[in-house]
Amino acid sequence: MTFAERPEPAIDAAERPMLEGWLEYHRETLVAKCAGLTDAQLREASVPPSALTLLGLVQHLAEVERFWFREILAGEALPDLYSTEEDPDADFKVSETTTWAETEAVWRAETAAARESAAAFGLDDFSKGLGSSGKPFNLRWIYTHMIEEYARHNGHADLVRERVDGATGV
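Take the sequence shown: its letters are residues 300 to 469, numbered as in this note's numbering.
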């Protein structure tokens with residue numbers, strides 16, 4: 300996926316298609332920021348002492364997709380993909396054997412499961428799971444939060460990508 304191939308959000312859609320369009324746009328922006336790099340480049344940290352990498356961002360967002368759409372929205376009891384109680388930030392960490400193929404496959408599976416979970420809810424429907432406040436979230440809030448989450452991390456991805464190979468863009 301390149302920037303030119305990303306689906307542009309509609310400018311005249313109803314609320315739900317608009318929210319879904321922006322989320323898809325940001326999802327594919329993340330993929331575009333990883334396009335054309337080797338596994339070694341995708342594991343390259345931004346600027347020491349930060350260990351932030353493009354693969355780490357993709358792992359993190361796979362875990363975030365799983366948490367908000369499956370655990371919170373659908374109420375599924377699932378283990379974390381990468382994080383643990385001992386290391387809650389493990390989703391950002393990669394090893395020398397972490398590959399794009401494996402990481403993208405997990406992320407794609409989680410985004411597909413997220414779409415499936417969301418399809419069963421209306422925007423005003425509340426989640427089956429509860430947040431740390433003990434309260435549920437409606438799907439509209441989750442969509443808005445996920446757009447914000449991707450937009451913030453795509454900004455990080457811009458900086459990491461520029462550091463790795465000098466590429467800049469949308």
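For every residue, glycine included, the Cβ atom is placed at its ideal position computed from N, Cα and C. All of these numbers come straight from a predicted model, not from anything done at the bench.
Original post:
In terms of residue numbering, what span does the alpha helix (DSSP H) encompassing E409 cover?
Top reply: W399 to A418
Original post:
Can you give the Cα-Cα distance for G421 and R451, rounded to whole angstroms?
Top reply: The straight-line gap separating the alpha-carbon atoms of G421 and R451 is approximately 26 angstroms.
**OP:** Tell me whether the beta-carbon of L380 lies closer than 8 angstroms to the beta-carbon of L329.
**Re:** no
**OP:** Run the CB neighbour count on T383, radius 10 Å, all protein chains shown included, and call it buried at 16 or more, exposed below.
**Re:** exposed
**OP:** Output the boundary residues of the alpha helix (DSSP H) element that contains D379.
**Re:** Looking at the DSSP string, D379 is not in any alpha helix (DSSP H), and its letter there is neither H nor E.
**OP:** Could you tell me the boundaries of the alpha helix (DSSP H) in which D338 lies?
**Re:** D338 to L341
Subject >> Enclosing alpha helix (DSSP H) for N453 [first to last residue] >> reply: L438 to D464
Subject >> Span of the alpha helix (DSSP H) around R326 >> reply: E314 to C333
**OP:** To the nearest angstrom, report how far apart D423 and K434 are at their CA atoms.
**Re:** 14 angstroms
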